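Below you'll find the structure, written out as structure tokens, and then a few comments.
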Amino acid sequence: MTSNQITIALTKGRIEKDAVALFEKAGFDMSFMADKGRNLIFESPDKKFRFLLVKAPDVTTYVRHGVADIGVVGKDVLVEHPTGYLEMLDLNFGLCKFSVASTEDYNPDDHKRKRIATKYPTIARQHFNQKGEDVEIISIQGSVEIAPVIGLADAIVDIVETGSTLVANGLKVYEDICRISARMIVNKAALKNNAELSPFIRKIEAIVGNEEVPFK
Ligand code: PRP
Numbered sequence: 044m045t046s047n048q049i050t051i052a053l054t055k056g057r058i059e060k061d062a063v064a065l066f067e068k069a070g071f072d073m074s075f076m077a078d079k080g081r082n083l084i085f086e087s088p089d090k091k092f093r094f095l096l097v098k099a100p101d102v103t104t105y106v107r108h109g110v111a112d113i114g115v116v117g118k119d120v121l122v123e124h125p126t127g128y129l130e131m132l133d134l135n136f137g138l139c140k141f142s143v144a145s146t147e148d149y150n151p152d153d154h155k156r157k158r159i160a161t162k163y164p165t166i167a168r169q170h171f172n173q174k175g176e177d178v179e180i181i182s183i184q185g186s187v188e189i190a191p192v193i194g195l196a197d198a199i200v201d202i203v204e205t206g207s208t209l210v211a212n213g214l215k216v217y218e219d220i221c222r223i224s225a226r227m228i229v230n231k232a233a234l235k236n237n238a239e240l241s242p243f244i245r246k247i248e249a250i251v252g253n254e255e256v257p258f259k
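Position one of the sequence shown corresponds to residue 44 (the working numbering), numbered consecutively onward.
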């Protein structure tokens, strides 16, 4: 590894593909990642960049530990893993939203203590707290849509992109909570110590046309 090399952890899958397209647009030749096979680490031929392909929550772990200087990951993941990095840019891809959804017979105004199933307990708790509602959060790992159908929960808090998973499972959106998009996160010490980092981030910023967002 060369001294001012930039290591970037990318969320494997669609975010990774959109990020590579963004870097191409910013003028970086990303052809070395075209034929990926099952490789998970890629170094650019000029050795200026190294890319790690990792699972979404692990992007924050790599950046927090300083093993990666930069991470590209969805805001949904940052909400649940909020510390140990600087959130620098909204990259404006990977767009979707957090919503409250349930079956036709769900009554959002019901005063009973609701059970909310979710993979995102932090955002779910924050949302209902803000409404002054005390709910029981039931954390599950996936296939959240079946929870209200089979009676595990009254409603779910989940990611909605096209809405087709909800429709396929007989659910509908009752409330939208917030927009989700891919973000660029940065290791604070790396920002100070690696002189290549700021110019790189500014190049990307010029493409996505965003101001820095404050550290949350
Ligand atoms: C997410 C989310 C929904 C689905 C929504 O799951 O939890 O199930 O996408 O997309 P749609 O509105 O376009 O139908 P994801 O694919 O991330 O995987 P999961 O099975 O781990 O929840």
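Think of the CB as a built atom: it goes at the ideal place given N, C-alpha and C, for glycine as much as any other residue.
Given the structure is predicted, the values throughout are model-derived calculations rather than measurements.
* Asked: Looking at Glu-123 and the ligand PRP, is the gap between the Cβ and the nearest heavy atom below 8 Å?
  -> no
* To do: Starting from the N-terminal side, write out each stretch of the alpha helix (DSSP H) that is 4 residues or longer and does not extend beyond the region 73–125.
  => 99–107 and 118–123
* By Cβ distance below 7 Å, which residues in the same chain neighbour Lys-55 in space, the five residues on each side in sequence not counted? -> Leu-96, Val-97 and Lys-98
* To do: From the DSSP output, in three-state form, read off Phe-136 for me.
  => coil
* List the residues that DSSP assigns as beta-bridge partners of Arg-158. => Glu-179
* Asked: Can you tell me where the alpha helix (DSSP H) with Val-187 in it begins and where it stops?
  -> Premise fails: Val-187 is in no alpha helix (DSSP H) and is neither H nor E.
* Asked: Below 9 Å between beta carbons: does that hold for Phe-71 and Phe-85?
  -> no
* Alpha carbon of Val-108 to alpha carbon of Asn-236, nearest angstrom -> Contrary to the premise, residue 108 reads as His rather than Val in this sequence. Distance between the alpha carbons of His-108 and Asn-236: 15 Å.
* To do: Please name the residue, chosen from Ile-244, Lys-231 and Met-227, that lies closest to Gly-137 on a Cα-to-Cα basis.
  => Met-227
* **Classification of Ile-199 by the beta-carbon crowding that lies within 10 angstroms, buried from 16 upward** => buried
* Using DSSP with H/G/I as helix, E/B as strand and the rest coil, what is Lys-60? -> helix
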